[in-house]
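Data first, discussion second: the structure below is written as structure tokens.
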Amino acid sequence: MNDLDPVIVSLARTPFGRLRGGLSSMVAADLGAHVIRAALERAGIPGEQVDQVILGTV
């Protein structure tokens, strides 16, 4: 392994919501920020060590 190899360190997800439910007023970027913070906390690494984050929706 070298410094250029991609590594999955942690993951997190948002809760399921309903149409016009409790999450409907949240901006997607705010939801993403919560997910990133949770993944970093689970991994136990500071955000300064992260070079790239890939988010997706299903």
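With the UniProt record's numbering as the guide, the letters of the sequence shown map in order to residues 1 to 58.
Quick reminder that beta carbons are idealized off the backbone N, C-alpha and C, glycines included.
These numbers were taken from a predicted model, which means no experiment stands behind them.
- The beta-carbon separation of Leu55 and Gly32, rounded to 5 angstroms, stays under the 8 angstroms limit for a contact.
- It is roughly 44 angstroms from the alpha-carbon of Gly22 to the alpha-carbon of Asn2.
- As the crow flies, the alpha-carbon of Asp30 is around 15 angstroms from that of Val53.
- Shown here, Val35 sits in a helix according to DSSP, grouped into three states.
- Judged by beta-carbon spacing, Val9 lies within the 8 angstroms limit of Ala43, meaning their Cβ atoms are closer than that value.
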